[in-house]
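Structure record follows, encoded as structure tokens.
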Amino acid sequence: MGKDYYKILGVAKGASDDEIKKAYRKMALKFHPDKNKDPGAENRFKEIAEAYDVLSDPKKKEIYDKYGEDGLKNGGPEAGGPGGFHYEFQGDPMRMFTQFFGSEDPFSGIFGMGGGHPNIFFNMGGGGMDDGMNGFSAFTGGMPHGHRRSAPKQDPTVQHELHVSLEDIYQGCTKKMKITRKVLNADGHSTRVEDKVLTINIKPGWKSGTKITFPKEGDQHPGRVPADIVFVIKDKPHKTFKREACDLRYIHRVALRDALCGCSVEVPTLLGPPTTLRLDNIKPNTVRRITGKGLPNPKAPGHYGDLIVQFEVEFPSKPITDPVLREQLMRILPPLSHA
Numbered sequence: 080m081g082k083d084y085y086k087i088l089g090v091a092k093g094a095s096d097d098e099i100k101k102a103y104r105k106m107a108l109k110f111h112p113d114k115n116k117d118p119g120a121e122n123r124f125k126e127i128a129e130a131y132d133v134l135s136d137p138k139k140k141e142i143y144d145k146y147g148e149d150g151l152k153n154g155g156p157e158a159g160g161p162g163g164f165h166y167e168f169q170g171d172p173m174r175m176f177t178q179f180f181g182s183e184d185p186f187s188g189i190f191g192m193g194g195g196h197p198n199i200f201f202n203m204g205g206g207g208m209d210d211g212m213n214g215f216s217a218f219t220g221g222m223p224h225g226h227r228r229s230a231p232k233q234d235p236t237v238q239h240e241l242h243v244s245l246e247d248i249y250q251g252c253t254k255k256m257k258i259t260r261k262v263l264n265a266d267g268h269s270t271r272v273e274d275k276v277l278t279i280n281i282k283p284g285w286k287s288g289t290k291i292t293f294p295k296e297g298d299q300h301p302g303r304v305p306a307d308i309v310f311v312i313k314d315k316p317h318k319t320f321k322r323e324a325c326d327l328r329y330i331h332r333v334a335l336r337d338a339l340c341g342c343s344v345e346v347p348t349l350l351g352p353p354t355t356l357r358l359d360n361i362k363p364n365t366v367r368r369i370t371g372k373g374l375p376n377p378k379a380p381g382h383y384g385d386l387i388v389q390f391e392v393e394f395p396s397k398p399i400t401d402p403v404l405r406e407q408l409m410r411i412l413p414p415l416s417h418a
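Convert by adding 79 to the 1-based position in the sequence shown; the result is the number in the working numbering.
Written as structure tokens, this is what we have:
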């Protein structure tokens, strides 16, 4: 007579997926070796894991429902005749327990503060139960110690650069990034490939180098914590402006005659209308600041950096060979002043 997985979980044949999940939760908590010290509890805990492994998988469940444990483990006709399908539970009951409950405290509420064992406590270590909640680390009041398992290691962080235009940085924007990752199946060993869209809300004025972290969104592997996915904001090169923190620098070239005689200059802004500057005399690398025409300051909402206008004076590319013109220039232009 084969195992009755439905009976092991305490549900009727034909139970829904939700009923099977609830039953596993109840039975796994009841017979967890760290909670139940009866001699047969550990074996019962393994049977419960095997039962859930079969009944939570549609293909295994279908074969088991038709042909029982023998057909499941020795090859049922549904799987292509004898030898066509062989099942053997190779999962880790503790890992299955951890994956089922995730970050939830599975024992929360089992021992109330008003009765039971008020001296029981968890040693949370560096911020969480070992192996995602594998057991109690210590008991007081003469109760035996539970076994400990080392915490699973997390895969290295996966980092991507996200290049954003200055216009998007100015206004703020939302970017949707599609990632492809491996996801563990219910058996806890095999994986499937899934696409997932991660949404990044970029705030106005975010500086280059800002990091956005999506915890544990990397590939899933048995016994390991998925990597964090990190996006690093990078400024896209701009054809007109160069970013300097919250300021924008704009380089404007002027002819020598305009630098000497003065001129009006139209200065572009990032998203608004141009601004006109009037300069009577422009020396090489003259700088003018236009207040409030830079990028938003993320640390001071409502405040903006400046637009820095740097002037480059363009000298003639060819020497002046006309002697009359040269003489005129020598008379007009002042000699070097001495400090």
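For each residue, glycine too, the CB sits at the ideal point set by N, CA and C.
**Prompt:** What are the residues that DSSP puts in a beta bridge with Asp144?
**Reply:** None, per the DSSP bridge assignment.
**Request:** Decide if Ala128 is buried, meaning its Cβ has at least 16 other Cβ atoms within 10 Å, or exposed.
**Result:** buried
**Request:** Quick one: grab the DSSP three-state call for Cys340.
**Result:** helix
**Prompt:** How is Ile312 classed by DSSP in three states: helix, strand or coil?
**Reply:** strand
**Asked** Arg271 by DSSP, collapsed to three states: which one?
**Response** In the structure shown, Arg271 falls within a strand segment according to DSSP collapsed to helix, strand and coil.
**Request:** Measure the Cβ-Cβ separation of Pro172 and Lys125 and say whether it is below 8 angstroms.
**Result:** yes
**Length at least 3, wholly inside the stretch 236-283: the beta strand (DSSP E) runs in chain order** = 237-243, 252-263, 270-281
**Unbroken alpha helix (DSSP H) run spanning Tyr329, endpoints** = Careful: Tyr329 lies outside any alpha helix (DSSP H), inside the beta strand (DSSP E) at 326-334.
**Request:** Classify Val90 as helix, strand or coil using the three-state DSSP reduction.
**Result:** Three-state DSSP puts Val90 in coil, outside helix and strand.
**Message:** Taking the alpha-carbon of Lys397 as reference, which of Thr370, Glu323, Leu335 has the nearest alpha-carbon?
**Reply:** Leu335
**Start and end residues, alpha helix (DSSP H) containing Arg303** = Per DSSP, Arg303 lies in no alpha helix (DSSP H) segment and is marked neither H nor E.
**Request:** Take the Cβ of Gly381 as the centre, count every other Cβ of all protein chains shown within 10 Å, and call the residue buried at 16 or more, exposed below.
**Result:** Note on Gly381: under 16 other CB atoms within 10 angstroms of its CB, so exposed under the neighbour-count rule.
**Item:** Rounded separation between Ile281 and Gly150 - CA only
**Value:** 56 angstroms
**Contact belief for Gly302 with Arg123 at Cβ below 8 angstroms, rounded distance in angstroms** = Incorrect: roughly 23 angstroms between the Cβ atoms, too far for contact.
**Beta-carbon proximity check, Ile312 vs Val243, cutoff 8 angstroms** = yes
**Request:** Pick helix, strand or coil for Thr177, following the three-state DSSP scheme.
**Result:** Helix, per DSSP.
**Asked** Taking buried to mean at least 16 other C-beta atoms within 10 Å of its own C-beta, is Leu134 buried or exposed?
**Response** buried
**Backbone secondary structure at Pro414 - three-state DSSP** = Here Pro414 sits in coil by DSSP.
**Message:** Check for me: the beta strand (DSSP E) holding Ile387 runs from which residue to which?
**Reply:** For Ile387, the enclosing beta strand (DSSP E) has its first and last residue at 386-393.
**Asked** How should His111 be labelled, buried or exposed, when 16 other C-beta atoms within 10 angstroms of its C-beta is the threshold for buried?
**Response** Residue burial is scored here from C-beta neighbours: His111 has at least 16 other C-beta atoms within 10 angstroms and is therefore classed as buried.
**Request:** Let me know if Ile399 comes out buried or exposed under the rule of 16 or more other beta-carbons within 10 Å of its beta-carbon.
**Result:** exposed
**Asked** Considering only residues of the same chain and omitting the five flanking positions on each side of Glu391, which have a CB-CB separation below 8 angstroms?
**Response** Its chain contains Ile330, His331, Arg332, Val333, Pro363, Asn364 as the residues whose beta carbon lies nearer than 8 angstroms to that of Glu391, once the 5 sequence neighbours on both sides are disregarded; these appear in chain order.
**Request:** Kindly indicate the opening and closing residues of the alpha helix (DSSP H) around Lys321.
**Result:** Careful: Lys321 lies outside any alpha helix (DSSP H), inside the beta strand (DSSP E) at 321-323.
**Message:** Please identify the residue among Arg405, Ile87, Lys139, Cys325 whose C-alpha is closest to the C-alpha of Tyr103.
**Reply:** Answer by Cα proximity: Ile87.
**Asked** What does Gln420 pair with, by DSSP beta-bridge criteria?
**Response** This structure leaves residue 420 out entirely; the chain is present only between 80 and 418.
**Prompt:** Would DSSP call Glu108 helix, strand or coil?
**Reply:** Before going on, a small fix: residue 108 reads as Leu here, not Glu. Three-state DSSP puts Leu108 in a helix.
**Prompt:** By Cβ distance, which residues of its chain are closer than 7 angstroms to Ala130, with the 5 residues on each side in sequence left out?
**Reply:** Tyr84, Ile87, Leu88
**Item:** Residues near Arg322 by beta carbon distance below 6 angstroms, same chain, minus five either side
**Value:** Asp314
**Message:** To the nearest angstrom, how far is the alpha carbon of Lys318 from that of Glu406?
**Reply:** 41 angstroms
**Prompt:** Ordered along the chain, which non-local residues of its own chain (more than five positions away) have a Cβ less than 6 angstroms from that of Glu121?
**Reply:** Pro112
**Request:** Would you mind reading off the limits of the alpha helix (DSSP H) that contains Leu134?
**Result:** 120-134
**Prompt:** Tell me the DSSP bridge mates of Leu356?
**Reply:** Val344
**Request:** Confirm, please, whether the CB-CB distance from Gly384 to Ala324 is below 8 angstroms.
**Result:** yes
**Asked** Can Arg357 and Val388 be called in contact, C-beta distance under 8 angstroms?
**Response** no
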